[in-house]
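Chains Z, R, X and W are the protein sequences, given in the same order. For the first sequence, this note's numbering begins at 215 and goes up steadily by one. For the second sequence, this note's numbering begins at 215 and goes up steadily by one. For the third sequence, this note's numbering begins at 215 and goes up steadily by one. For the fourth sequence, this note's numbering begins at 215 and goes up steadily by one. Contents: one structure, followed by commentary.
Number of protein chains: 4
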Amino acid sequence: MNLKAVGIKNIRFPVKLRVKAGGHQETVASINLRVNLPRRFRQNCVPIFLGVLKKYQNDISVEIFPELLRDVKEELQAESARLEMTFPYFIEKKAPVTKTPGLMEYTCRFTGATGGTCDDLIMSIWVPTTTLCPCSKEISDYGAHNQRAEINLNVKFKNFIWVEDLITTVEQSASCEVFSLLKRPDEKYVTETAYENPMFVEDAVRKVAESASSHPDILWFSAGVESFESIHKHSAYAYVVSDTMR
Amino acid sequence: MNLKAVGIKNIRFPVKLRVKAGGHQETVASINLRVNLPRRFRQNCVPIFLGVLKKYQNDISVEIFPELLRDVKEELQAESARLEMTFPYFIEKKAPVTKTPGLMEYTCRFTGATGGTCDDLIMSIWVPTTTLCPCSKEISDYGAHNQRAEINLNVKFKNFIWVEDLITTVEQSASCEVFSLLKRPDEKYVTETAYENPMFVEDAVRKVAESASSHPDILWFSAGVESFESIHKHSAYAYVVSDTMR
Amino acid sequence: MNLKAVGIKNIRFPVKLRVKAGGHQETVASINLRVNLPRRFRQNCVPIFLGVLKKYQNDISVEIFPELLRDVKEELQAESARLEMTFPYFIEKKAPVTKTPGLMEYTCRFTGATGGTCDDLIMSIWVPTTTLCPCSKEISDYGAHNQRAEINLNVKFKNFIWVEDLITTVEQSASCEVFSLLKRPDEKYVTETAYENPMFVEDAVRKVAESASSHPDILWFSAGVESFESIHKHSAYAYVVSDTMR
Amino acid sequence: MNLKAVGIKNIRFPVKLRVKAGGHQETVASINLRVNLPRRFRQNCVPIFLGVLKKYQNDISVEIFPELLRDVKEELQAESARLEMTFPYFIEKKAPVTKTPGLMEYTCRFTGATGGTCDDLIMSIWVPTTTLCPCSKEISDYGAHNQRAEINLNVKFKNFIWVEDLITTVEQSASCEVFSLLKRPDEKYVTETAYENPMFVEDAVRKVAESASSHPDILWFSAGVESFESIHKHSAYAYVVSDTMR
Chain Z
215 MNLKAVGIKN IRFPVKLRVK AGGHQETVAS INLRVNLPRR FRQNCVPIFL
265 GVLKKYQNDI SVEIFPELLR DVKEELQAES ARLEMTFPYF IEKKAPVTKT
315 PGLMEYTCRF TGATGGTCDD LIMSIWVPTT TLCPCSKEIS DYGAHNQRAE
365 INLNVKFKNF IWVEDLITTV EQSASCEVFS LLKRPDEKYV TETAYENPMF
415 VEDAVRKVAE SASSHPDILW FSAGVESFES IHKHSAYAYV VSDTMR
Chain R
215 MNLKAVGIKN IRFPVKLRVK AGGHQETVAS INLRVNLPRR FRQNCVPIFL
265 GVLKKYQNDI SVEIFPELLR DVKEELQAES ARLEMTFPYF IEKKAPVTKT
315 PGLMEYTCRF TGATGGTCDD LIMSIWVPTT TLCPCSKEIS DYGAHNQRAE
365 INLNVKFKNF IWVEDLITTV EQSASCEVFS LLKRPDEKYV TETAYENPMF
415 VEDAVRKVAE SASSHPDILW FSAGVESFES IHKHSAYAYV VSDTMR
Chain X
215 MNLKAVGIKN IRFPVKLRVK AGGHQETVAS INLRVNLPRR FRQNCVPIFL
265 GVLKKYQNDI SVEIFPELLR DVKEELQAES ARLEMTFPYF IEKKAPVTKT
315 PGLMEYTCRF TGATGGTCDD LIMSIWVPTT TLCPCSKEIS DYGAHNQRAE
365 INLNVKFKNF IWVEDLITTV EQSASCEVFS LLKRPDEKYV TETAYENPMF
415 VEDAVRKVAE SASSHPDILW FSAGVESFES IHKHSAYAYV VSDTMR
Chain W
215 MNLKAVGIKN IRFPVKLRVK AGGHQETVAS INLRVNLPRR FRQNCVPIFL
265 GVLKKYQNDI SVEIFPELLR DVKEELQAES ARLEMTFPYF IEKKAPVTKT
315 PGLMEYTCRF TGATGGTCDD LIMSIWVPTT TLCPCSKEIS DYGAHNQRAE
365 INLNVKFKNF IWVEDLITTV EQSASCEVFS LLKRPDEKYV TETAYENPMF
415 VEDAVRKVAE SASSHPDILW FSAGVESFES IHKHSAYAYV VSDTMR
C-alpha cells in the first residue's frame, strides 16, 4: 500500500573522485542511503552497504554511480535503493586578469535511484557567484548594491557531463564570478564586470535555464538562485524547473 | 514552458498562534515565500507581502492559512503562491508518574500553496522521542541501547486537526515519550517503558503510519523517523509515504 | 585543583523581555547553564533551575539577570553559576527616506556569572549591516563591491544600557544600515550612502570600538565584524577587545 | 591600547595529514586566520597566506604547525598570528568482538598562536561515545537510558602526541566506545559494556581529566562532555579545565 524505506543518514566516508583533467581528487562525502528491503535482511544493512562502498571508494564518478547502485541493491536484496552522496569539490581557477591560480570550493551531489517507479540519476552543484541589483543601479547616482548569491543546478542527462563543465556554465550566468584569489587588477575587473551586468535573481535563474535547455546532453533540470541581500537580512530567491523530460 | 517562481527566504517574524486550550501563544516564525507573478510587480513584493502578513500576525492557525494565502496571491497579483512558516511551539506536558508539569518544545510547519497544478495545505511536526533497539535487547544479558529519535509527520487533512493532537499521536508511536522534567519515579517509568517497548525505526514509522491511516480527517501523510544511534556516529532512518489521496 | 562544572545545554524557553519603549516582547530563548555544585545535589538540577526560570520568565531584562543568577545559585546550593540566554529580538525600524516601518530581527545574548573568580554580566548583540570595499571603489571606474556584514558587540557596563541603544550605535558604524523594508527612494538612499562610506572590516570594527570606548557606561567590550564577501566564498574578519576594565 | 586583529574566516582547503601508522591522509580543512599587522600590508593578506599554506599543504601535522605559523607571520610582516585548522579525520577501528574493521570519523583541530602575550599550540578532538545513566540503572527494574555523548578534549603538550593516541584515551573514558560497524556479537558486547559502566557526564569528564593529568606530555587541558539525553530534548553537560600549566 505505502512506499516504505529504511536507511542510514549522515555516514561520512573518504572517496576519490575522477577529475576532468585526469587522475583523482580525494574528498570527504556525506552519504544517505534508503532501501526497500525484506525485514529479515535489515540487520546487516550497514556492514553490507559499507562493504560495497569500499569497493568503489577509490574511483567515484557519476558514470559509475548506476553500477554502484545496482551492486548495493543486489547485495542488500532490496527492491529499490536510493543513494545520495554530497561532497566538497576543489577546482583550480585563475584570476580573471592576472591569471593568479587559486583553489575554489564547490559543493556537489550525486543522487541515484534504482527500481520502484523511477530510475533517476541527478547531478547537483552549488556555486557561489555575485549578483548586482539592476533597480539599485538604475535609481542611484552612483554605486549599486551587490552580494554573494548561491546558484544551485540539478540535472538529469543522457550523455555523461563533467561537474567541471556544469560549474563553468553556471558561473557565467550571474553578474560576475567569484574567485578565491584576486589581485588589484582582478578586483577592478570583477567590480566593473558586475556593474556592467546587473541581474535580479530571476535574471540569473533564467540564464541558467537557457543554458541547461539548450545543452544537448541535459534531459531535465531544476535551478535555484539565493541572493544574500546586502541591504536586507533576508534572501531573495528565484526558482525554475524544466516542465518535462526531453 | 517552465515553472518559474521568485520569492524570499528566511524572513523571521513574530506571530501569535491559536492554542487548543484557548488563547494564543507568541512565537517566532521563519518564513519562505514563492510566487509566480508578472515581472512588473516584482519590485514591491516584499513590502506587500509583509503588509499582508501583518494583518494575520496576531491570529495564525492552519485554519486561516488558505485565507492568508489567497490574500497574498491577490495583493501580489500572482498566478500562484507557496508559503512555508516554521516555528517552535511549546506545550506544557506532565511527567508520567509525579505529574510535574514542564514545557516541551516541538518544531511545527504550515505549508500552503494556491493555484497552479496543486492546492496544498500541509501541517508538519517534528517530535523528539526515545527508541530502544529490539536486537540489542534480545541478544544482551542485560540492558539495551536506546537513543533520542526524531519523528517527522506531514499531513493533508479534510477537517481541521490541532497540532496538539498530532503530537500526542506521534509521541505514542515510539519506545517511550520524551519529557523536559523528570523526577526519580518518572525516570524509572520512562526507562522501564522503553525497555518494554523495543522498536526499530521502521517499527516506529509503521506505528505512525497506522495511526495516520486510520485517522478519519487525514487525507495524505508522509512520515520519517531518524534515530541518533547511541552506538554509532550515524543515524538510522525509516520513511513512509501514503500512496494516494483518500 | 581543577575548575569543574556541570550543566545543561540547549534548553529552549519562552520569555518576555522588557522593551525600551515600555511593555514586553515575547520571544524564545536558547539557554545554557553551568554550575559548580556538590555531587549530591546534581539529580534535581534541571527541575530546580526550571522552577527558578519560571519565576522570572515574564519579566526578563539584563537588569534582573544578577538577581536571577543569585536565585539559581542559592536554590541549587552551588558555589558558582554561569547562565547564557540567547534570543531573537525584534525592533520596528523606519526606512531612511519614506519612513515606512518594518520589523528588524537582531540576535541578543545575556551572559551572567556569579562566584568563583569573576562576577560577570555581559550583553551581546549581532547586527546585520552593509560594508562597501574602499579598495574596490578606488580602483574601479564605476561601482564597488559590497555585502552583508555582521557586527558583534559584547559589553560589560556600570550603568544599565538598553539593547536598543547598543544596536543603534553599532548600526551607525558600517558603510550603511540594513532594513527589512525599502521602497525605491530608500533603496537609492542606502545604495548611495554605502558608496559614500566605504569601509574595510577593520574600519567598521574601529568605529564600533571608538563608540564603545567613549560610552560613559561601558566598562569593557569586545567587537568583531564578519563580512560575507560578495567576490569571494570566504569571509573577511576584524576583531578588537578593550585592554582593561575601566 | 586595544588588541586588534584582522583575518579571514571559513577558508576551505584540501590538506594531507601525517598519520601515526605512516604516510598521509587527505582531508578538507576549514581555516580561520587572525593577524595583527600594519594597515599597509592588508591588501595582499589572502594571496600571501594561501601561498604559505600551499607550501605546507602536503605534509600537515601538529609538529610542523609552529613553523607554518612563523612563516605566515614573517611573510605577512605581522606582529602576531593565530591560525585554526579544523578537519574530519578517519581512523580504521575494529569491532570489539568480531574485529570487523570499519572507518570512524573524528573532528580534530589544531590551533596555533605566535607573538603577542601568549605562544599557544592546542590540539583538540571531538569523539563520539556512549553514556549510560547510573541513576536510571539504579532505580529501574530493568534497562537504563543511554545515548550518544560527544567528548571534547583540548591539550597543550611538551612533547609531540599523536591525535590517534589522544582519541584512544578519550574513548576509554565513557560508558562504552562507538563504532561504525557492529555485528551481533559486537552489539551484545557494547550493550553489556555500557550497562556495566554507568556514567554521568561528570564521571566521564573526570575520567578524561585523570588521564590527561597523569599524561607525562600534557601541560594543560580542558575537556567537555555533552550527552544528547535520550529521555530529554536538551543535553547534559560537564566541563573541566586544568588550573595551571605544569
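For every residue, glycine included, the Cβ atom is placed at its ideal position computed from N, Cα and C.
- Taking a C-beta distance under 9 Å as the contact criterion, R/Ala327 and R/Arg284 do not qualify as a contact pair.
- Taking a 10 Å sphere around the C-beta of Z/Asn272, we find fewer than 16 other C-beta atoms and assign the residue as exposed.
- Within a 10 Å sphere around the beta-carbon of X/Glu443 sit 16 or more other beta-carbons, which makes this residue buried.
- Here the segment 296-305 of chain R does not lie against the segment 342-355 of chain R, with fewer than 3 beta-carbon pairs under 8 Å apart.
- Around the CB of W/Ala423, 16 or more other CB atoms lie within 10 Å, so the residue is classed as buried.
- Z/Tyr320 has a beta carbon lying at 9 Å or more from every beta carbon in chain R.
- In summary, Z/Phe374 is exposed, with fewer than 16 beta-carbon neighbours lying within 10 Å of its beta-carbon over all protein chains present.
- Rounded to whole angstroms, Z/Lys421 and Z/Asp355 show a C-alpha spacing of 28 Å.
- Counting only the Cα atoms, W/Pro399 lies some 52 Å from R/Val229.
- By the neighbour-count definition (other C-beta atoms within 10 Å, threshold 16), X/Gly357 is a buried residue.
- When Cβ pairs closer than 8 Å are counted between the two stretches, the segment 424-432 of chain X is seen not to touch the segment 388-402 of chain X, the count staying below three.
- At the C-beta level, W/Glu289 and W/Val341 stay beyond 9 Å of one another.
- The Cβ neighbour count for W/Pro430, taken over all protein chains shown within 10 Å, is under 16; the residue is labelled exposed.
- In summary, the residues of the segment 400-426 of chain R whose CB is separated from some CB of chain Z by less than 9 Å are Phe414, Val415, Glu416, Val419, Arg420, Ala423, in the order they occur in the chain.
- Taking the beta carbon of X/Glu378 as reference, no residue of chain W falls within 9 Å; the closest one sits roughly 25 Å away.
- Setting aside the 5 residues that flank it on each side, Z/His238 is surrounded in the same chain by Lys230, Leu231, Arg232, Asn272, Asp273, each with a C-beta closer than 8 Å to its C-beta; the list follows chain order.
- Using a Cβ distance threshold of 9 Å, X/Tyr403 and X/Lys351 do not count as a contacting pair.
- Z/Pro315 and W/Ile225 have their C-alpha atoms spaced approximately 16 Å apart.
- One alpha carbon belongs to R/Arg248, the other to Z/His448, and they sit about 14 Å apart.
- Residue nearest to Z/Phe263 within the set Z/Lys223, Z/Asn366, Z/Lys234 is Z/Lys223 (criterion: CA-CA distance).
- Note on the segment 232-305 of chain X: whole beta strand (DSSP E) runs with a minimum of 3 residues are 238-250, in chain order.
- In terms of Cα proximity to Z/His359, the closest of X/Ile445, X/Pro261, X/Ser456 is X/Ile445.
- The Cβ atoms of R/Ala292 and R/Gly265 lie no closer than 9 Å to each other.
- In the structure shown, X/Val229 adopts extended strand secondary structure according to DSSP, grouped into three states.
- The shortest C-alpha to C-alpha distance from X/Trp434 to any of X/Pro261, X/Asn246, X/Asp334 is the one to X/Asp334.
- Nearest CB-CB separation between Z/His448 and chain R: below the 9 Å threshold.
- Neighbourhood of R/Gln361 in chain W, by CB distance below 7 Å: Gln361, Arg362, Ser444, in chain order.
- When DSSP states are grouped into helix, strand and coil, X/Ala450 belongs to the strand group.
- Linking X/Ser428 to X/Ala418 through their CA atoms gives a straight-line distance of about 16 Å.
- Considering only beta carbons, the part of the segment 236-252 of chain Z lying closer than 9 Å to chain W consists of Gln239, Glu240, Thr241, Val242, in chain order.
- Interface annotation, R/Arg398: in contact with chain W, CB-CB separation under 9 Å.
- Listed in chain order, the non-local C-beta contacts of R/Thr325 below 6 Å within the same chain comprise Glu298, Ile336, local neighbours out to five positions each way being set aside.
- Residue ranges of uninterrupted alpha helix (DSSP H) with 4 or more members, entirely inside the segment 320-362 of chain R and ordered along the chain, are 348-353.
- DSSP places X/Val455 in the strand class (E or B) of the three-state scheme.
- Taking 8 Å as the upper bound for CB-CB distance, W/Thr321 and W/Ser244 are not in contact here, some 10 Å apart.
- Excluding the 5 residues flanking it on each side, Z/Val242 has same chain C-beta neighbours closer than 8 Å at Arg226, Phe227, Pro228, Val229, Phe301, Pro302, in chain order.
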